[in-house]
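In what follows, a single structure is set out as C-alpha cells and then discussed.
In the working numbering, the protein residues as written are 3 to 158.
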C-alpha cells in the first residue's frame, strides 16, 4: 500500500526568478501536526529560502498552516525547519555557495512512496530583468511550436 497521496507543492516562481544549477532532495524534520497539514495540502514554499548554519541546512519562511484538529500542541506556521542531508552533500553545497550571487531555494515539496515529506532544493543564481524577458519569450516560442506540430498532425 502506498502512503503517498500524490501531494506535490511547487515553487512556480523559482524557474522564472532563478537559473537552477544543481538539485538535491532532502528530508524535513517536522512535528506531527506539520506533516498532517502537509498531507492536507496546507503549505506554501513560494516565499521560503534555505540557509546554512553550523553545517546544517535550515529552511526559513516555509508556511505550513496550523492543523485544524490540532490541540494546544499545534505548531507555529512559519517555524524554521531543519533539512536532512548527508554531511558530504552539505559540504558540497557549502563549497558551491561560497561563489557570489548563488543561493539555495526550495523547488518542490512532495510526499514519497513511504509517506515521508521530502523537499527538492536547488543551488540557484538570480536572473536579471532582461533574462526573465528572454525566458518568457523562449517559453512562448516553445508553446507555439508545440501547437503547430499538433495542428500538423491533425491535418495529416
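Beta carbons: idealized from backbone N, C-alpha and C, even for Gly.
Values in this document were obtained by computation on a predicted structure and should not be read as measured data.
Which same chain residues end up closer than 6 Å to residue i when comparing Cβ atoms and leaving out the 5 residues on each side of it in sequence?
{"i": "residue 16", "result": "107, 109"}
{"i": "residue 103", "result": "127"}
{"i": "residue 152", "result": "none"}
{"i": "residue 39", "result": "66, 67, 69"}
{"i": "residue 149", "result": "none"}
{"i": "residue 121", "result": "28, 30, 108, 111"}
What span of residues does the alpha helix (DSSP H) with residue i cover, start to end?
{"i": "residue 98", "result": "89-99"}
{"i": "residue 157", "result": "131-157"}
{"i": "residue 1", "result": "Lying before the first or after the last residue shown, residue 1 is absent from the chain, which here runs from 3 to 158."}
{"i": "residue 48", "result": "Careful: residue 48 lies outside any alpha helix (DSSP H) and carries neither H nor E."}
Just to confirm, is the Cβ distance from residue i to residue j under 8 Å?
{"i": "residue 87", "j": "residue 59", "result": "yes"}
{"i": "residue 76", "j": "residue 84", "result": "no"}
{"i": "residue 96", "j": "residue 54", "result": "yes"}
{"i": "residue 45", "j": "residue 11", "result": "yes"}
{"i": "residue 37", "j": "residue 119", "result": "yes"}
{"i": "residue 9", "j": "residue 43", "result": "yes"}
Suppose the cutoff is 7 Å on Cβ atoms and the five residues either side in sequence are ignored; what does the same chain contact list for residue i look like?
{"i": "residue 72", "result": "35"}
{"i": "residue 154", "result": "none"}
{"i": "residue 18", "result": "134, 137"}
{"i": "residue 6", "result": "Residue placement at residue 6 is flagged as unreliable, the pLDDT there being 47, under the threshold of 50; the coordinate-derived value follows with that caveat. Correct list, in chain order: 113, 114, 115, 117."}
{"i": "residue 32", "result": "83, 119"}
{"i": "residue 50", "result": "61, 62, 63, 64, 108"}
Residue range of the beta strand (DSSP E) that residue i falls in?
{"i": "residue 124", "result": "119-128"}
{"i": "residue 58", "result": "58-62"}
{"i": "residue 84", "result": "83-86"}
Identify the residues that DSSP records as bridge partners of residue i: which are they?
{"i": "residue 28", "result": "121"}
{"i": "residue 105", "result": "126"}
{"i": "residue 39", "result": "Looking at the DSSP assignment, residue 39 forms no beta bridge with any residue, so it has no partner."}
{"i": "residue 111", "result": "11, 121"}
{"i": "residue 65", "result": "46"}
{"i": "residue 22", "result": "126"}
For residue i, collect the residues of the same chain with a Cβ closer than 8 Å to its Cβ; drop the 5 residues on either side in sequence, then sort them by chain order.
{"i": "residue 89", "result": "57"}
I'd like to know if the segment 122-136 and the segment 17-26 are in contact, where contact means that at least 3 CB-CB pairs between them fall below 8 Å. Counting Cβ pairs under 8 Å, three or more are found: they touch.
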